[in-house]
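Visitor:
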Amino acid sequence: MMLVSIYLGQDIPSAKLHGALYFSQLPQPGEKVMLGGKQMTVSKAWHTPDTLFAGPKYAVLADGYHINSATEPRRDDQEAAKQFAGHRSN
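Numbering (numbering that gives the first Met the number 0), first residue to last: 0 to 89.
1. Starting from residue 4, trace the beta strand (DSSP E) in both directions and tell me its first and last residue.
2. Since residue 59 contacts residue 6 with CB under 8 Å, what's their CB separation in whole angstroms?
3. Taking DSSP as the reference, what is the three-state secondary structure of residue 15?
4. Under the assumption that residue 39 contacts residue 10 (Cβ atoms under 8 Å), give the Cβ distance between them as a whole number of angstroms.
5. Comparing alpha-carbon positions, which option in 46, 34, 56 lies nearest residue 8?
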């Protein structure tokens, strides 16, 4: 599992940090993900090697404004994240 910073917006300069979520692998641009119960499209994904503190080393920019079909394939790692969090607390 990897911890990924989630930025919401249409471009990086205007994006707001939404938080961080665990994913089994880094979501790729164009991929659909569920964030806060809403389906979003990943528009950019990048590695943040300059981060010198504990926490996410990857980030994604997600935009919910371009979703036109709830039936499109999507990533939903929330269940995997819950399982991972439960495993870590044992």
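The beta carbon of each residue, even a glycine, is placed where N, CA and C say it ideally should be. Model, not experiment: these values are computed from the prediction.
Guide: On the basis of the coordinates in this document:
1. 1-7
2. Taking C-beta atoms under 8 Å as the contact rule, residue 59 and residue 6 qualify, at a distance of about 7 Å.
3. strand
4. With a Cβ gap of about 15 Å, residue 39 and residue 10 do not count as contacting.
5. Cα-wise, what sits closest to residue 8 is 34.
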